[in-house]
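Mind the numbering: the sequence shown is residues 1 to 141 in the numbering used here, read in order.
See below for the structure under consideration.
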Amino acid sequence: MSAIDQAHYRQVLGHFPTGVTVVAGLDGDEPVGLAVGSFFSLSIAPALVGFCVGKSSKSWARMEGAGSFCVNVLGADQEDVCRVFATSGEDKFSSIGWRPAESGAPLIEGVLAWIDCDLDAVHDGGDHVIVVGAVRGLDIG
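See the structure below:
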């Protein structure tokens, strides 16, 4: 099998529409988050969700140790929120309203839905990791 051109790979797979979430957690007392387009439902019983994140992600490295995270499902009118979390930067929450979910992880104001999770597993996935979360709470809005 021949090597796959990375630019062409991104171009082709970019045609697959997906929702956008912000996965948020804590680094000590500091809120940390990143935009994630690879969120998925994994299992209903037990309730598990997952997402993929690049191994080079500084945001994930900062929040992984907390052992919990909140998946914030963004609406079509939250492109500005998505842009904040899709870029590198230190204080992404300076202009974003949020409150702590039961786990303490940031639950962003105005999201379509949220899923509060305990970190269940992290699996190798090439240049990414596959993160599995055990759902501890969820709701619409």
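Even for Gly, the Cβ is constructed at its ideal location relative to N, Cα and C.
Flag this pair as yes or no: are the beta carbons of ILE115 and VAL84 separated by less than 8 Å?
no
Cα separation between CYS70 and ILE4?
34 Å
Nearest by alpha-carbon distance to GLU109: which of ASP77, MET63, ASP120 and SER2 is it?
The shortest C-alpha separation from GLU109 is found at ASP77.
Going by DSSP in three states, ALA7 sits in which element: helix, strand or coil?
helix
Given a cut-off of 8 Å, decide if ASP120 and LEU48 are closer than it, judged by their beta-carbon atoms.
yes
Starting from ASP124 and walking both ways along the beta strand (DSSP E), at which residues does that stretch end?
113-125
Can you tell me which of PRO17, SER103 and ALA24 puts its alpha carbon nearest to the alpha carbon of ALA61?
ALA24
Return helix, strand or coil for ASP27, following the three-state DSSP convention.
strand
Following the continuous alpha helix (DSSP H) through PHE85, name the residue where it begins and the one where it ends.
For PHE85, the enclosing alpha helix (DSSP H) covers residues 79-85.
Counting contacts by CB-CB distance shorter than 8 Å, is VAL81 in contact with chain B?
Looking at the structure shown, chain B is missing, and only one protein chain is on hand.
Cβ atoms of PHE51 and VAL131: under 8 Å apart, would you say?
yes
Can you give me the start and stop residues for the alpha helix (DSSP H) that SER59 sits inside?
Segment 58-64, the alpha helix (DSSP H) holding SER59.
Does DSSP put VAL12 in a helix, a strand or coil?
In this structure, VAL12 counts as helix in the three-state DSSP scheme.
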